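Colleague: Under our numbering, the first residue of the sequence shown is numbered 181, with each subsequent residue one higher.
Ideal Cβ placement from N, Cα and C applies to all residues, glycine included.
Keep in mind the model is a prediction, meaning the values are calculated, not measured.
The structure's right below; bear with me while I get my questions together.
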Amino acid sequence: SPPIAEQIIRSLKLIMGLDGTTQGLQRVQQLAKNTRYFRQRLQEMGFIIYGNENASVVPLLLYMPGKVAAFARHMLEKKIGVVVVGFPATPLAEARARFCVSAAHTREMLDTVICCVMKI
Numbered sequence: 181s182p183p184i185a186e187q188i189i190r191s192l193k194l195i196m197g198l199d200g201t202t203q204g205l206q207r208v209q210q211l212a213k214n215t216r217y218f219r220q221r222l223q224e225m226g227f228i229i230y231g232n233e234n235a236s237v238v239p240l241l242l243y244m245p246g247k248v249a250a251f252a253r254h255m256l257e258k259k260i261g262v263v264v265v266g267f268p269a270t271p272l273a274e275a276r277a278r279f280c281v282s283a284a285h286t287r288e289m290l291d292t293v294i295c296c297v298m299k300i
């Protein structure tokens, strides 16, 4: 629809700096920084992370199908949004949780999520 197309055009102009500001570039850089930090911290703690290292969606391998529902419930109790995916959408032993990192996330927010993941 035209309103959706207009929003896409405006978003692209913002990202490319065609709106006369550097706000888009700053957001892209912050997103990259947040993504690297989040992935690196999880990997340092021994978690297996799938996907492209530059992608803002961070898939965390959970292994066991039985962990998927418990992990999702625990994250929900902590008010952390996460998408869990298991069999049959993934191979039986490759269930995962997918975190969507944002430029708007603070280091404190990311650390809170990492802390909650460690406690499970």
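Please specify which runs of the alpha helix (DSSP H), each continuous and at least 4 residues long, are wholly inside the stretch 230-288, giving them in chain order.
Modeller: Counting whole runs of 4 or more residues, the stretch 230-288 contains the alpha helix (DSSP H) stretches 245-257.
Colleague: State whether the stretch 275-290 contacts the stretch 209-217, with contact taken as three or more CB pairs (one from each stretch) at a distance under 8 Å.
Modeller: yes
Colleague: Between which residues of its own chain and Tyr243 is the CB-CB distance below 7 Å, once the five residues before and five after are set aside?
Modeller: Mapped onto the sequence shown, residue 243 falls at position 63. Ala273, Ala275.
Colleague: Assign Ala277 to one of two classes, buried (16 or more other C-beta atoms within 10 Å of its C-beta) or exposed (fewer than that).
Modeller: Here the question's residue 277 lines up with position 97 in the sequence shown. Buried, because 16 or more other Cβ atoms sit within 10 Å of the Cβ of Ala277.
Colleague: Compare the C-alpha of Cys295 against each of Phe267, Thr201, Arg221, Asp199 and name the closest.
Modeller: Stepping through the sequence shown from its first residue, residue 295 is reached at position 115. Of the candidates Phe267, Thr201, Arg221, Asp199, the one whose C-alpha sits nearest the C-alpha of Cys295 is Arg221.
Colleague: Contact between the stretch 238-255 and the stretch 197-206 is defined here as three or more beta-carbon pairs at a separation below 8 Å; is this criterion met?
Modeller: Inter-segment contact for the stretch 238-255 and the stretch 197-206 is absent: fewer than three beta-carbon pairs are separated by less than 8 Å.
Colleague: Leaving out five residues on either side along the sequence, give the residues of the same chain with a beta carbon under 8 Å from the beta carbon of Ile195.
Modeller: In the sequence shown, the residue the question calls residue 195 occupies position 15. The answer, listed in chain order, is Gly204, Leu205, Arg207, Val208.
Colleague: Do Phe227 and Leu290 have their beta-carbon atoms positioned less than 8 Å apart in this structure?
Modeller: As a position in the sequence shown, residue 290 is number 110, starting the count at 1. As a position in the sequence shown, residue 227 is number 47, starting the count at 1. No, Cβ-Cβ distance for Leu290 and Phe227 is not below 8 Å.
Colleague: By the 10 Å Cβ neighbour count, where 16 or more other Cβ atoms means buried, how is Gly266 classified, buried or exposed?
Modeller: On the sequence shown, residue 266 is found 86 positions in, with the first residue counted as 1. So Gly266 ends up on the buried side.
Colleague: May I have the straight-line CA-CA distance separating Ile189 from Lys299, to the nearest angstrom?
Modeller: As a working note, residue 189 is residue 9 in the sequence shown. As a working note, residue 299 is residue 119 in the sequence shown. Rounded to the nearest angstrom, the two C-alpha atoms are 42 Å apart.
Colleague: Taking only the alpha-carbon atoms, compute the straight-line gap between Asn232 and Val297 and give it to the nearest angstrom.
Modeller: Taking the first residue of the sequence shown as position 1, residue 232 is located at position 52. Taking the first residue of the sequence shown as position 1, residue 297 is located at position 117. Straight-line Cα distance between these residues: approximately 20 Å.
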